[in-house]
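There are 2 protein chains.
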Amino acid sequence: MINKEAIGRFVFGGAIMSKPTLHDVAQAAGVSYATADRVINNRGNVAQKSIDKVRDAVARLDYVRNVAAANLSRKRVYRLAFLIPKGTNAFFNRIRDHIAQVAAHLSIESVSVDIFEVSAFSVDGLSKSIADFCEKDFDGVAIVGLQSALLEAPLAELRARGIQVIGLVSDLPRDFRAAYIGIDNVVAGRTAARMTGMAHAGGHGAIQTFAGSLDARDHAERLDGFREVILADFPHLTVLDPILTKDDPSILRTKTRELLAQQTHVTALYNVGAGNSGLISAISAWPEQRPYCIVHELVAHSRQALVAGHIDLVIDQRPDVEINRAFAVLRALIDQREIPTMPELTPTIYVRDNLPADPLNAIMKAQNT
Amino acid sequence: MINKEAIGRFVFGGAIMSKPTLHDVAQAAGVSYATADRVINNRGNVAQKSIDKVRDAVARLDYVRNVAAANLSRKRVYRLAFLIPKGTNAFFNRIRDHIAQVAAHLSIESVSVDIFEVSAFSVDGLSKSIADFCEKDFDGVAIVGLQSALLEAPLAELRARGIQVIGLVSDLPRDFRAAYIGIDNVVAGRTAARMTGMAHAGGHGAIQTFAGSLDARDHAERLDGFREVILADFPHLTVLDPILTKDDPSILRTKTRELLAQQTHVTALYNVGAGNSGLISAISAWPEQRPYCIVHELVAHSRQALVAGHIDLVIDQRPDVEINRAFAVLRALIDQREIPTMPELTPTIYVRDNLPADPLNAIMKAQNT
DNA sequence: CTGAAAGCGCTTACAG
DNA sequence: CTGAAAGCGCTTACAG
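Protein sequences appear in the order of chains A and B. Heads up, the final residue of the first sequence is numbered 369 in the UniProt record's numbering, and it's a clean run with no missing numbers. Heads up, the final residue of the second sequence is numbered 369 in the UniProt record's numbering, and it's a clean run with no missing numbers.
Rendered as structure tokens:
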């Protein structure tokens, strides 16, 4: 035990001091407790002279408000909400599950969590949902957003009501949310390209891309990133224009089947969007000579396909990490604290060997025994 | 806003009830507040009859202790410590930095954090450090462990003193710690193998492995996992026995240089251990014809080599995530709560495209302007 | 504009 | 074995 570093202690004149309280501040400033409280919390109705004295004392003593005590005395409940696209999309189901799971633990610490489902990918629907949401009494909300000026008015209304807003997975107009929690989709596309390039080991090839729609910003960004890297670093490879799928599994199935039946020169498939179950079902019928295959988001079917060797790679945005961070960021914003240090969000590469334990699978195993 | 789910509220008879307090429990049980407190916290000196009544009331009301209020009243400080190998190893520097960073934020919430450096990788040193540590007054400690029966006695002593112990990065003897936070190194090796296999695109090849020492459990496990996957799924590839390096960069440099000068049939390099700066410096002298190259842990030099294209892949254990989890788990253990849901630990694959933002780099850029 | 007092849900002596 | 009371650091009426 050679070296020792002490952090987070208050050492004064060699002795460990306890943290200053509002009482100490009031005393040092020569005002009453209540007055000190008023300036600390900007409650108004305080003489400028008092304000200055208190501010000064705060700085001198290095006072920091004890949020836990404050919350206790107010019986505070953090009222949080999530606005998530409704529907059966496996990815958003995963998001919902994790929110519920975290909420169950957090309820112990006086946090209430509501999930609202909004009509998927519709600017009108989302705009109306946000407007409705204004009526409710919440402290903060995480919204799976869209980029549209139509959302600005309802978002401004939320802010006016003191509700903290963050974008989740898909961003809102920049100036109308306090933070964005999600991956950079250009980076995700670049990552997919790097892996595809590596897997060709310098050989020639052509990559068939798939996208739900080029209007979807995340899809377009992934394609851009993908093309950038292939163009710059893998001159032997060609990126074919995307087949548009509306994220519909049956379209993906049909198109993939056609492609494989034609015995084309295609050496790799990359789907930037959803609907992978269709792609997988088509591919698994051609097990012997399938192309290299990358998709996004780890959900039941993509996971299974990875394990079975039908696809090679899944790029995942770790919705569990995103949700955890959304809670932490919302609480910090509501408390007007600094946002805590957290690990960065980066697209995660899964192969069959580094998959996280599968909770569903564990349950099924338990049932079988 | 079609559907709505409320979580974490207490709904009773249609009305939202606030959580029951100890007061409610005492009343329902027909005992005094103090007695209820005694059974909740197992303070002893309570008649069995009272215990039963209180336990019953707790179950009926679904009471859960308010930890924040308890901590406030006790002016509780969580006294946490980390035992980390000393030395200049870039990986452990990263660990130390992140601990300090998290600690700076946590100090606000009455947590004190101390880092103790112990002589690296020495069972004797670690054993003595743990014994010394018993004398100090802490609530919990995370230890970068070793597997040795010699550690059992001092660890038992820690437990006897009510100090919560977890293994971090490298595990302690199973029965003498409450949890282990770190990746599965067999999985890490398997992941490296899968990527190496893919990068050969079905072609033949030979992979030269490097390890610090085969006595190091993590090194041995990574090699095992690596061999397993190559053997099972990549029959065209051969895994060469590891060159032992003591994790010394100069040894790695020399050996790699020799290897490359010999113009061998080696198509890939995989170092399961540390000392990568040596490997990288040797490789970067042969930019045109270098083999495929995988190393562990994202630190300044491996990151730079990835960006420069000298190496292909870094497998990282996300020490930042591990540290965050260590704090959360220690606090849960100390509070005797359930361990909170957190994203799983899985070896992370980095290529040059999905790197997290580099804080150092950002600082240097700022200084240059 | 300012201050004294009760209360948030708990723990800790202290008195029976 | 049991209970009444003060106090943790804050907020919220309420009275001046």
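The C-beta atom is built at its ideal place from N, Cα and C for all residues, glycine as well.
{"query": "Runs of 4 residues minimum, wholly inside the segment 50-105 of chain B: which ones carry the alpha helix (DSSP H) assignment?", "result": "67-74"}
{"query": "So within the segment 122-155 of chain B, which uninterrupted alpha helix (DSSP H) runs reach at least 4 residues, ignoring any that extend past its ends?", "result": "123-135"}
{"query": "Exposed or buried, R161 of chain A, counting other C-beta atoms within 10 Å across all chains shown (16 or more means buried)?", "result": "exposed"}
{"query": "Does the segment 345-352 of chain B touch the segment 121-131 of chain B, meaning 3 or more C-beta pairs lie closer than 8 Å?", "result": "no"}
{"query": "Within 8 Å of any Cβ in chain B, is that where the Cβ of D353 of chain A sits?", "result": "yes"}
{"query": "Got a sec: which bits of the segment 327-353 of chain A sit with their beta carbon under 9 Å from any beta carbon on chain B, in order along the chain?", "result": "R337, E338, P340, T341, M342, P343, E344, L345, T346, P347, T348, I349, Y350, V351, R352, D353"}
{"query": "Could you check whether the segment 183-194 of chain A touches the segment 227-245 of chain A, counting it as contact only if at least three pairs of C-beta atoms, one from each stretch, sit closer than 8 Å?", "result": "yes"}
{"query": "Who are the neighbours of R38 of chain B on chain A, taking C-beta pairs under 8 Å?", "result": "Near R38 of chain B there are no residues of chain A at all, since even the closest Cβ is about 22 Å away, more than 8 Å."}
{"query": "Would S18 of chain A pass as a contact of V31 of chain A if the rule is Cβ separation under 8 Å?", "result": "no"}
{"query": "Which chain A residues sit within Cβ distance under 8 Å of Q101 of chain B?", "result": "T341"}
{"query": "Could you tell me which residues DSSP puts in a beta bridge with G205 of chain A?", "result": "A:L237"}
{"query": "H200 of chain A lies in the beta strand (DSSP E); which residues open and close that run?", "result": "Unbroken run through H200 of chain A: none, as it is neither H nor E."}
{"query": "List, in chain order, every chain B residue whose beta-carbon is nearer than 8 Å to that of N324 of chain A.", "result": "M342, P343"}
{"query": "According to DSSP, simplified to helix, strand and coil, what is T256 of chain A?", "result": "helix"}
{"query": "Buried or exposed: which applies to residue 398 of chain B, given that a residue is buried once 16 or more other Cβ atoms fall within 10 Å of its Cβ?", "result": "Absent from the structure is residue 398 of chain B, since the part of chain B shown begins at 1 and ends at 369."}
{"query": "Can you check whether the CB of A211 of chain B is closer than 8 Å to the CB of P249 of chain B?", "result": "no"}
{"query": "Any beta carbon from chain A within less than 8 Å of P356 of chain B's own beta carbon?", "result": "yes"}
{"query": "With DSSP run on the structure shown, which of helix, strand or coil describes residue 371 of chain A?", "result": "For chain A, the structure presents residues 1 to 369; residue 371 of chain A sits outside this window and is missing."}
{"query": "Rounded to whole angstroms, what is the Cα-Cα separation between V58 of chain A and F82 of chain B?", "result": "32 Å"}
{"query": "Give me the Cα-Cα distance between L172 of chain B and F133 of chain B, rounded to the nearest whole angstrom.", "result": "16 Å"}
{"query": "Please go through the same chain and pick out, in chain order, the residues whose beta-carbon is closer than 7 Å to the beta-carbon of P291 of chain B, but skip the five residues on each side of it.", "result": "V266, T267, A268, L269"}
{"query": "Enumerate in chain order the residues of its own chain whose CB-to-CB distance from A28 of chain A is below 7 Å, with the five nearest sequence positions on each side excluded.", "result": "A57, R60, L61"}
{"query": "I need the DSSP call for A160 of chain B, collapsed to helix, strand or coil.", "result": "helix"}
{"query": "Taking Cβ positions, are H301 of chain B and V272 of chain B nearer each other than 8 Å?", "result": "no"}
{"query": "So if I threshold CB-CB distances at 8 Å, which residues from the segment 230-263 of chain B count as touching chain A?", "result": "none"}
{"query": "Determine the direct distance from the alpha carbon of V186 of chain A to that of residue 378 of chain A, and round the result to whole angstroms.", "result": "Outside the modelled stretch of chain A, which goes from 1 to 369, sits residue 378 of chain A, for which no answer is possible."}
{"query": "Spatial neighbours of L240 of chain B within its chain, please: C-beta separation below 8 Å, excluding the five flanking residues on both sides.", "result": "A206, I207, Q208, T209, V266"}
{"query": "Using beta carbons (cut-off 8 Å, strictly below), is D312 of chain B in contact with chain A?", "result": "yes"}
{"query": "By the DSSP assignment, the alpha helix (DSSP H) with S170 of chain B in it spans what residues?", "result": "Careful: S170 of chain B lies outside any alpha helix (DSSP H) and carries neither H nor E."}
{"query": "Taking only three categories from DSSP, how would you classify D281 of chain B?", "result": "Sequence inspection shows Ser at residue 281 of chain B; the Asp mentioned does not correspond to that position. Reduced to three states, the DSSP call for S281 of chain B is helix."}
{"query": "For the candidate residues A:R222, A:A26, A:Q289, A:G278, whose alpha-carbon lies nearest to that of D316 of chain A?", "result": "A:R222"}
{"query": "State the Cα-Cα distance for the pair V102 of chain B and H310 of chain A, rounded to the nearest angstrom.", "result": "41 Å"}
{"query": "Hey, how far is the Cα of I280 of chain B from the Cα of S281 of chain A?", "result": "43 Å"}
{"query": "Compute the beta-carbon to beta-carbon distance between V77 of chain A and S129 of chain A, rounded to the nearest angstrom, for a pair I have assumed lies under 8 Å.", "result": "Between S129 of chain A and V77 of chain A the Cβ distance is about 23 Å, and since that is not below 8 Å, they are no contact."}
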